[in-house]
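Residue numbers (our numbering), protein chains in the order written: chain A, 357 to 648; chain B, 5 to 126.
For glycine and all other residues, C-beta sits at the position ideal for the given N, C-alpha and C.
Please read all numbers here as calculations on a predicted model, not as lab measurements.
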């Protein structure tokens with residue numbers, strides 16, 4: 357299958373960190389030759405450690421935070437009552453705004469009858485874009501101490517919405533709001549899990565999420581050993597397709613821990629990830645493939 | 005002088021609530037008239053920022069001191085701005101702490117935590 361002719365978007369998820377999302381995402385992107393890799397794990401993005409991207413362009417990501425003009429504020433408290441997140445308080449004839457609590461909905465500005473609130477921009481992180489061969493590498497980085505990386509994920513996803521290339525999205529771990537934002541528009545979800553009881557628990561979280569979003573999906577069991585394991589049982593019981601098993605293998609471990617890309621270092625893994633990519637594209641349905 | 009205490013039930017024998025922002029009720033006690041007034045904490049079930057809203061309720065009730073086992077940093081900022089002193093409760097019941105406050109046996113709360121932000125506090 358010619359993988360350069362698809363504009364499919366594939367998300368790689370897992371219920372916890374360290375299961376192999378980045379391993380799968382980086383190797384799929386690389387084996388595809390021409391692709392976009394987006395690291396949405398904004399609290400600890402590490403795909404760039406493998407790609408070491410060149411020609412990096414950086415752009416700040418900002419959110420809008422209200423500020424008050426004390427001359428205009430008459431203390432009516434409409435904004436305080438409106439804010440569902442309680443980011444505002446009115447104490448001793450003065451309006452207090454808690455930036456970290458604000459979700460940038462802009463509602464306080466709409467309800468203020470005195471026009472006393474105005475928007476200011478606050479930097480919460482950045483997006484870096486670079487290249488590795490014919491792969492565009494996008495990395496979202498959330499500043500330490502910021503409450504939510506969702507604006508960064510939104511920017512990453514929006515910027516790559518209409519690109520005519522295979523796009524691999526390395527998700528944040530878990531199944532919280534930020535992951536929902538990440539998978540909203542994808543064509544297929546890969547759920548990476550470890551073959552343990554803990555692996556089942558974590559897999560179940562993302563399994564419930566992708567079902568809620570009605571996304572086609574398949575499971576990759578990472579660190580796989582040829583024996584019965586709870587994840588396999590879980591998949592059989594719930595009729596979930598296991599699309600790949602990545603072996604528990606010292607060779608792969610070594611390549612990985614040196615920050616190298618397995619498909620470039622090992623014929624065996626080149627074959628494994630090539631097959632996987634073909635399978636995923638086929639699984640996701642041919643309707644999104646241009647000139648199948 | 006009026007003081008406030010987060011409480012689990014609407015009677016003066018009730019225990020002090022372990023949480024400030026998520027306390028179901030506040031007891032507003034007037035030391036001069038010995039009058040007890042119980043108010044609902046509308047912030048208790050909010051998604052976030054409960055401490056800020058709860059502190060706003062305390063401020064609006066014009067109390068001079070809050071007796072509480074613990075208090076988050078944002079709530080403390082609101083209370084401090086309104087010059088409300090925060091004292092640490094040391095007894096189980098509201099009644100005992102009120103007496104303790106009157107007898108000057110309570111100390112100022114020196115440990116302000118960073119907030120639980122929607123996570124379970126245990």
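- Apart from sequence neighbours up to five positions away, the residues of its chain that approach residue 22 of chain B with a beta-carbon distance below 7 Å are 73, ordered along the chain.
- At a cut-off of 4 residues, the continuous stretches assigned as alpha helix (DSSP H) that sit fully inside the stretch 84 to 118 of chain B are 98 to 106.
- Put simply, of A/419, A/438, A/581 the residue whose alpha carbon is nearest the alpha carbon of residue 507 of chain A is A/419.
- Setting aside the 5 residues that flank it on each side, residue 502 of chain A is surrounded in the same chain by 480, each with a C-beta closer than 6 Å to its C-beta; the list follows chain order.
- By the C-beta criterion, the stretch 432 to 439 of chain A is judged to be in contact with the stretch 463 to 477 of chain A, since at least 3 inter-stretch pairs fall below 8 Å.
- Beta-bridge annotation (DSSP): residue 522 of chain A is not paired with any residue.
- For residue 639 of chain A, no beta strand (DSSP E) encloses it; the enclosing alpha helix (DSSP H) starts and ends at 623 to 639.
- The C-alpha of residue 639 of chain A is placed about 9 Å away from the C-alpha of residue 599 of chain A.
- Going by C-alpha positions, residue 555 of chain A is about 22 Å away from residue 384 of chain A.
- In terms of beta-carbon proximity, residue 32 of chain B stays away from the interface with chain A, with every pair separated by 8 Å or more.
- If you draw a straight line from the Cα of residue 493 of chain A to the Cα of residue 614 of chain A, it is about 19 Å long.
- Residue-level contact by beta carbon fails for residue 532 of chain A and chain B, as no gap is shorter than 8 Å.
- Taking 7 Å as the upper bound on Cβ-Cβ separation, chain B lies near no residue of the stretch 402 to 428 of chain A.
- Taking every protein chain shown into account, the CB of residue 96 of chain B has fewer than 16 other CB atoms within 10 angstroms, so this residue is exposed.
- Residues of chain B whose Cβ lies closer than 7 Å to the Cβ of residue 441 of chain A are, in chain order, 51, 52, 53.
- Interface criterion met: the Cβ of residue 85 of chain B is under 8 Å from a Cβ in chain A.
- For residue 58 of chain B, the uninterrupted alpha helix (DSSP H) segment begins and ends at 54 to 64.
- With a 10 Å radius around the Cβ and a threshold of 16 neighbouring Cβ atoms, residue 5 of chain B comes out exposed.
- In the same chain as residue 449 of chain A, and ignoring 5 residues on each side of it, the C-beta atoms closer than 7 Å to its own belong to 431, in chain order.
- Of all residues in the stretch 553 to 569 of chain A, none has a C-beta nearer than 9 Å to a C-beta of chain B.
- Put simply, the CB of residue 618 of chain A is far from chain B, with every gap to its CB atoms at 8 Å or more.
- Residues of chain B with a Cβ closer than 7 Å to the Cβ of residue 389 of chain A do not exist; the shortest Cβ-Cβ separation is about 44 Å.
- Residue 437 of chain A: not part of any beta strand (DSSP E); member of the alpha helix (DSSP H) spanning 434 to 438, first to last residue.
- In the DSSP assignment, residue 601 of chain A is bridged to A/577.
- In this structure residue 395 of chain A is in contact with residue 404 of chain A, their Cβ atoms being roughly 7 Å apart against a cut-off of 8 Å.
- In this structure, residue 486 of chain A places its C-beta atom within 8 Å of the C-beta atom of residue 410 of chain A.
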